[in-house]
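For reference, the structure is listed below as structure tokens.
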Amino acid sequence: MSSSDSAAASPAAPSTTYSGSCHCGRFKYSVTQSPPLTDPSCEVIDCNCSICSRNGYLFLYVPDKNITWEKGSVDELTKYTFPPRHKFAHYFCPTCGTSGFSKSLDPNYYPDYMAVNVRTFEGVDLKALTIKPVDGKSYNG
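For the sequence shown, the tail end lands on 141 under full-length UniProt numbering, and the numbers increase by one without skipping.
Put into structure tokens, the structure is as follows:
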């Protein structure tokens with residue numbers, strides 16, 4: 001997560017709910033975010049690590065409680081971890097392959113947050129977002 005924690009907004013900040021889905025529609029969800037994605041203080045993470053680059057992730061970190069599953073559930077997604085650390089689980093639709101989520105498997109590292117790929121949200125203008133590059137390629141944690 002970024003040092004400013006995109007999900008940690010002031011209590012007075014407005015919130016917006018975004019609808020998202022995988023390509024085939026097997027999984028549908030909504031994410032409530034404060035501040036809204038178009039607020040300059042809301043940073044969307046563009047990590048350069050191997051899996052984020054290959055999947056084209058643009059991650060927004062949100063509390064688990066702010067994700068509502070309307071069709072399907074995170075438990076029905078295919079979970080992928082990779083060596084050597086198996087520190088993060090990446091989730092994708094087993095039908096269409098849309099990569100939508102990531103979550104830390106370390107109980108001491110943001111245990112109640114999920115990274116959601118904003119590319120899965122409907123009607124979001126990616127050019128209007130504050131994108132924060134993160135050097136995950138050099139991460140040794």
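Cβ atoms here follow ideal geometry from the backbone N, Cα and C, with glycine treated the same way.
Return the CA-CA distance between residue i and residue j, expressed in angstroms with no decimal places.
i: I67; j: V31; result: 5 Å
i: residue 146; j: V118; result: In the structure displayed, the chain extends from 1 to 141; residue 146 sits before or after that span and is not available.
i: S53; j: C47; result: 7 Å
i: P14; j: T81; result: 35 Å
i: A9; j: Y61; result: With a pLDDT of only 48 at A9, under 50, the local geometry of the prediction cannot be trusted, and the value read off the model is given with reservation. Approximately 12 Å between the Cα atoms of the pair.
i: K103; j: C24; result: 22 Å
i: F92; j: S73; result: 11 Å
i: P133; j: Y29; result: 26 Å
i: D106; j: V116; result: 17 Å
i: E70; j: N108; result: 29 Å
i: P83; j: F101; result: 18 Å
i: S34; j: F59; result: 15 Å
Can you tell which of the options has the C-alpha that lies nearest to the C-alpha of residue i?
i: Y139; options: L77, K87, Y61 and Y18; result: K87
i: K137; options: S50, V44, P94 and R85; result: S50
i: T16; options: C42, C22 and P107; result: C42
i: E76; options: P83, G97, D135 and P133; result: G97
i: F135; options: I45, Q33, K28 and T78; result: Before going on, a small fix: residue 135 reads as Asp here, not Phe. Answer by Cα proximity: I45.
i: T78; options: N108, K71, A89 and L58; result: A89
Enumerate in chain order the residues of its own chain whose CB-to-CB distance from residue i is below 6 Å, with the five nearest sequence positions on each side excluded.
i: D64; result: D112 and M114
i: N55; result: S99
i: F121; result: Y18 and G20
i: T95; result: C24 and R26
i: Y57; result: N117
Within the same chain, show all residues whose beta-carbon is closer than 8 Å to that of residue i, passing over the 5 residues directly before and after it, in chain order.
i: V124; result: Y18, L37 and V118
Just to check, is the beta-carbon of residue i closer than 7 Å to a non-hydrogen atom of the ligand ADP?
i: K103; result: Of the ligands one can find in the structure shown there are none, so the ligand ADP has no counterpart to examine.
Could you please give me the residues that DSSP links to residue i through a beta bridge?
i: I131; result: V44
i: L60; result: V116
i: V31; result: Y18 and I67
i: K103; result: A89
Meets three-Cβ-pair contact criterion under 8 Å: the stretch 33-52 and the stretch 125-133: yes
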